Each structure stands twice: as C-alpha cells, then as structure tokens.
C-alpha cells in the first residue's frame, strides 16, 4: 500500500513540478524508471503473496536503480553502453513480466 501511494505521489509531483533532467543523466533515466518499476511489481507481488516487508522493498528499490545505473555507466566507460543498456532493459523487463504474470494469477486465481 505504501508503495502504491509513493508511486502515485511521485507521478503527481513529477507532473506538477516538471523537473529538468541534466543532459549527462538522460541516458540513465529510462534505466532508473524500469529498475524502479521492477521493484514496484516485485513489491506488489510480495504483498499479494503475504510476504511484503517494507525494509526489503526500499532496499530493493534503491539497489535496483543503483545497480542498473552502475552497469550502464560502466558500459558507457567501456564503449558498450548501448549493449549493456539493452541487456539491463531485457533482464528487468523479463522480471517485470514474470511478476505481472504472478500478480495476474493471484488476482484471477488461474
């Protein structure tokens, strides 16, 4: 519940304040958003399974974003940033769809 409220508050604040992203950070924003969505879907799945822990959620949220950004940063420094960005998106996308499938199964008892 806290995660959903935080997500809603973040979306509203983003729409109202319209923050500017520095050009040096623009490459990392999509990665951070996908990593954050992975944590949110994982938290929702854990909530529906009855094993949600807010500390684990916050640590997962922050660490997903930091690790994904670090991988892309390292790829940029090595000259393979696009390939590692694609890899991170694919891995996190698989996790998001896996969690979404589990959530769907839980909600519809399928």
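Numbering (the UniProt record's numbering), first residue to last: 1 to 110. Positions of the beta carbon are idealized from the N, C-alpha and C atoms, including for glycine. Quantities reported herein were computed from a predicted structural model and do not represent experimental measurements.
Looking at the secondary structure, which residues open and close the alpha helix (DSSP H) in which residue i lies?
i: residue 74; result: 54-78
i: residue 98; result: 81-108
i: residue 43; result: 29-49
So, is residue i buried or exposed, given that buried needs 16 or more other C-beta atoms within 10 angstroms?
i: residue 82; result: exposed
i: residue 86; result: exposed
i: residue 65; result: buried
i: residue 61; result: buried
i: residue 10; result: exposed
Please go through the same chain and pick out, in chain order, the residues whose beta-carbon is closer than 8 Å to the beta-carbon of residue i, but skip the five residues on each side of it.
i: residue 96; result: 34, 37, 38 and 41
i: residue 7; result: 40
Could you say which of the options lies nearest to residue i if we only look at CA atoms?
i: residue 59; options: 102, 87 and 43; result: 43
Among the residues of its own chain, which have a CB less than 6 Å from the CB of residue i, if the five just before and after it don't count?
i: residue 99; result: 41, 42 and 45
- Message: So, does the stretch 12-23 touch the stretch 42-56, judging by three or more C-beta pairs under 8 Å?
- Response: Taking a contact to require three or more Cβ pairs closer than 8 Å, the stretch 12-23 and the stretch 42-56 do not qualify as touching.
- With a cut-off of 8 Å, do at least 3 Cβ pairs link the stretch 64-80 to the stretch 24-33? Yes, the stretch 64-80 is in contact with the stretch 24-33.
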